[in-house]
Amino acid sequence: MRVPCFQFFDFYSGSIILSPGSIMDHSSDEDTDISESEISDYEDKSYEKLKNGSHCVKTSDETFTCPYCPTKRKRDYMYKELLQHASGVGQSSSQKRRAIDKANHLALVKYLEKDLMKVDVPSKPEEEESDTSVNPNEQFVWPWIGIVVNIPTRRAGDGRCVGESGSKLRDEYRRRGFNPFRVSPLWNFRGHTGTALVEFNKNWPGFHNALAFEKAYVSDHHGKKDWFAPGEKSGLYAWVSRADDYKMNNIIGENLRKMGDVKTVSELQEEEDRKQHKLVSNLHNIIQAKNQHLKEIEVRCNETTLKMDVAMGEKDKLIHAYNEEIKKIQSSARDHFQKIFNDHGRLKMQLETQKNDLELRKIELEKREAHNESERKKLSEEIEENAVKNSSLQMASMEQQKADENILKLAEDQKRQKEELHAKILRLEKDLDMKQKLELEIEQLQGKLNVLKHMKDDDEDAEVLNKVDSLLKELREKEEEFQDLDEMNNALIAKQRKSNDELQEARNELLNFIKEMPSGGIIGVKRMGELDTRPFLEAMKKKYNEEEAEDRASELCSLWEEYLKDPDWHPFKVIMVEGKETEIIRDDDEKLNGLRSEISEGAYNAVVTALKEINEYNPSGRYISSQVWNYGQGRVATLQEGVQVLLKQWKTYKRKRGMM
Numbered sequence: 001m002r003v004p005c006f007q008f009f010d011f012y013s014g015s016i017i018l019s020p021g022s023i024m025d026h027s028s029d030e031d032t033d034i035s036e037s038e039i040s041d042y043e044d045k046s047y048e049k050l051k052n053g054s055h056c057v058k059t060s061d062e063t064f065t066c067p068y069c070p071t072k073r074k075r076d077y078m079y080k081e082l083l084q085h086a087s088g089v090g091q092s093s094s095q096k097r098r099a100i101d102k103a104n105h106l107a108l109v110k111y112l113e114k115d116l117m118k119v120d121v122p123s124k125p126e127e128e129e130s131d132t133s134v135n136p137n138e139q140f141v142w143p144w145i146g147i148v149v150n151i152p153t154r155r156a157g158d159g160r161c162v163g164e165s166g167s168k169l170r171d172e173y174r175r176r177g178f179n180p181f182r183v184s185p186l187w188n189f190r191g192h193t194g195t196a197l198v199e200f201n202k203n204w205p206g207f208h209n210a211l212a213f214e215k216a217y218v219s220d221h222h223g224k225k226d227w228f229a230p231g232e233k234s235g236l237y238a239w240v241s242r243a244d245d246y247k248m249n250n251i252i253g254e255n256l257r258k259m260g261d262v263k264t265v266s267e268l269q270e271e272e273d274r275k276q277h278k279l280v281s282n283l284h285n286i287i288q289a290k291n292q293h294l295k296e297i298e299v300r301c302n303e304t305t306l307k308m309d310v311a312m313g314e315k316d317k318l319i320h321a322y323n324e325e326i327k328k329i330q331s332s333a334r335d336h337f338q339k340i341f342n343d344h345g346r347l348k349m350q351l352e353t354q355k356n357d358l359e360l361r362k363i364e365l366e367k368r369e370a371h372n373e374s375e376r377k378k379l380s381e382e383i384e385e386n387a388v389k390n391s392s393l394q395m396a397s398m399e400q401q402k403a404d405e406n407i408l409k410l411a412e413d414q415k416r417q418k419e420e421l422h423a424k425i426l427r428l429e430k431d432l433d434m435k436q437k438l439e440l441e442i443e444q445l446q447g448k449l450n451v452l453k454h455m456k457d458d459d460e461d462a463e464v465l466n467k468v469d470s471l472l473k474e475l476r477e478k479e480e481e482f483q484d485l486d487e488m489n490n491a492l493i494a495k496q497r498k499s500n501d502e503l504q505e506a507r508n509e510l511l512n513f514i515k516e517m518p519s520g521g522i523i524g525v526k527r528m529g530e531l532d533t534r535p536f537l538e539a540m541k542k543k544y545n546e547e548e549a550e551d552r553a554s555e556l557c558s559l560w561e562e563y564l565k566d567p568d569w570h571p572f573k574v575i576m577v578e579g580k581e582t583e584i585i586r587d588d589d590e591k592l593n594g595l596r597s598e599i600s601e602g603a604y605n606a607v608v609t610a611l612k613e614i615n616e617y618n619p620s621g622r623y624i625s626s627q628v629w630n631y632g633q634g635r636v637a638t639l640q641e642g643v644q645v646l647l648k649q650w651k652t653y654k655r656k657r658g659m660m
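Okay, so the sequence shown: first residue is 1 according to UniProt numbering, each after it adds one.
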């Protein structure tokens, strides 16, 4: 299987930069292993592929990579490290190593020893001068350019000359370790001139490669002096361009003047020192500006801390006052309603007593009425008897006119009897009036009784009405007090929300600052709801080898991370704990029980922990959120703890700056 890759060449550093998926030609042979007897043949095939450039081994002037270990965390090696790695794998006696891996790494050892040489990059230009005996005042064309002459050409059908391409020469020089980034053949109206310019990197490693390039041709007697010496010439001649080449009046001089300038090594070193001094000065200015900014941040932090302390104090006072006022209002309302209830009970008992009294009085009046009726009958009978007696007396007076004394006595008796009768009649009339008055009183009492019976609907009598009015007035006053308290409560809530918003903004700023701090302290940033992968990896290592265990664990973690993001999966149930509703993990959830039985208890606990964190800190979004966390106590850190960490970090930085 061929994995696509991309190369980028850095023209300033002369390094070949590989993309994350560097060139790897994993042929179909990797899917099948080979026997021990076929290692030698496969080693030769792999060596030929390395020589042909099918695999990228050298990534820059100093670093190399192993094309057969793409999944290994360490991708960049020095020459000796890569040689040691390849030898160790190729000569390994472990049964876990496949024969094809051993063959590939043995081929890599052979390629490193025969076709590549170790590149030691000098750290200072003085080392370059000591190795190559270069005069610091000697003028070179910069950027470093080599000249190649006597390139074979042939005449094409159109009469123009053609020759070897620049890319072919460039690849050849790279294999020899000179590392040019471009070879440009020179053309004129007649075609290929048989010359080319070899461009090296602008840095000191590029200068070292250019001198090595020149030295290789000088040692082979194909240098500049050999080219200009009389005699027959064969093969390529090459050297590094200098001032005399730059000033030549030919195609080489023209192109050199277009591509660069003439400078000495000492001038380049001075220019580099000047740039470095400028860089140091700029960095110094930046550091001073950062220190000033840090002081401003400290002042703002102190002001914010002070405001937060004041706001928290005011908030606590308001909450305490609010709670005390609520308690007073509740107590007053409770006492008031209890008083109303007691008054209502007392009035009810009074009404019951009055009702009973009226019933008794009614019975008594009915009895009196019956007695008066019998007395009236007796009186009427006596009147009739008196009338009979009067008539008899009249007859006797007529019969006994002569008996004066008897008549007079009888008259006096009659008069006395009449007076008594008249008094009795007056008494009866008075009794009749009293009866009628009593009947009227009875009717009035019955009307009052009916009124009292309907007192619940008609607000009872005047005293009850006065009491109800006073109660209504008191209730209205309490309602106004409740309204005032409600307005004060709303003002407190608005102020509390504003304080909470300010506190949340401060926490967000603190979270952003702690994210940029180096990890390892007690106070840090924790991603709430993030799944811990270690229990999955430990469980898979018990079932598979190390490489396959990592793949299996990664797949399982990805699957459970998707489960955690699914809002339809809610394995919680609600129970009552101390009178409050609390959500806990369901014991009968199939996914979690399957995870516990098939993987491990540790993986189950990791998923449950992530579920609880998501349900507590982001139940609606079901995604990971960050919180400032106190790892020492296993809880969300307070704002005061975060500010203390910030001040401690600033003091540490200030102390380090004072030591520098």
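Using N, Cα and C, we set each Cβ at its ideal position, and we do this for glycine too.
Note that the coordinates shown come from a computational prediction; the quantities given were computed from them, not determined experimentally.
For MET248, there is no enclosing alpha helix (DSSP H), as DSSP gives it neither H nor E. Excluding residues up to 5 positions away in sequence, ILE523, VAL628, TRP629 and ASN630 lie with their Cβ nearer than 7 Å to the Cβ of ALA637 in the same chain.
According to the DSSP assignment, TYR237 belongs to the beta strand (DSSP E) that extends over 237–240.
Rounded to whole angstroms, the separation of the alpha carbons of LEU595 and VAL89 is 38 Å. Judged by their CB atoms, ALA539 and SER600 are nearer to each other than the 7 Å cut-off. In the DSSP annotation of this structure, the continuous segment of the alpha helix (DSSP H) that includes LYS565 starts and ends at 546–565.
Rounded to whole angstroms, LYS224 and ASN150 show a C-alpha spacing of 12 Å. Under the three-state reduction of DSSP output, LYS495 falls in the helix class. For the options GLU271, ASP589, LEU197 and MET398, the alpha carbon positioned closest to that of ASP245 is the one of LEU197. The continuous alpha helix (DSSP H) containing PRO535 extends over residues 534–541. The Cβ atoms of ASN179 and ASN203 do not sit closer than 7 Å to each other. Taking 7 Å as the cut-off, the Cβ atoms of LEU531 and ALA603 do not count as close.
DSSP places ASP101 inside the alpha helix (DSSP H), whose first and last residues are 99–115.
Distance from the CA atom of LYS315 to the CA atom of ILE326, rounded to whole angstroms, is 16 Å. Counting along the chain, PRO205 sits inside no beta strand (DSSP E); it lies in the alpha helix (DSSP H) bounded by residues 204–219.
CA-to-CA, the gap between GLU480 and ILE329 works out to about 12 Å.
Scanning ILE145, SER165, GLY146 and TRP144 for the CA closest to the CA of THR153 turns up SER165. Residues GLY253 of the same chain have their beta carbon placed closer than 7 Å to that of LYS247, with the five preceding and five following residues left out of the count.
Taken through DSSP and simplified to helix, strand or coil, ALA606 comes out as helix. According to DSSP, GLY191 shares a beta bridge with CYS161 and ASN188.
Taking the Cα of ASP589 as reference, the smallest distance to any Cα among GLU578, VAL608 and GLU381 is reached at VAL608. Here GLN139 really is in contact with ALA243; their C-beta atoms are around 4 Å apart, less than 8 Å. Rounded to the nearest whole angstrom, the CA to CA distance from ASP115 to ASN593 is 59 Å.
A direct Cα-Cα distance of roughly 52 Å separates GLU616 from HIS55.
Judged by beta-carbon spacing, GLY206 lies within the 7 Å limit of PHE200, meaning their Cβ atoms are closer than that value. Here DSSP, grouped into helix, strand and coil, assigns GLY529 to coil.
Contact check for ARG552 against LYS573 fails: the beta carbons are separated by 7 Å or more. Beta-bridge partners of GLY524 (DSSP): TRP629.
According to the DSSP assignment, TRP227 belongs to the alpha helix (DSSP H) that extends over 224–228. Counting the other Cβ atoms within 10 Å of the Cβ of ASN137 gives fewer than 16, which makes it exposed.
A buried status is given to THR195, since no fewer than 16 other beta-carbon atoms sit within 10 Å of its beta-carbon. Straight-line measurement puts the Cα of THR193 at about 16 Å from the Cα of TRP227. A direct Cα-to-Cα measurement between LYS110 and SER46 gives close to 10 Å.
Note that the C-beta distance between GLY235 and HIS222 is below 7 Å.
Between the region 258–273 and the region 140–149, the count of C-beta pairs closer than 8 Å reaches three or more; the two stretches touch.
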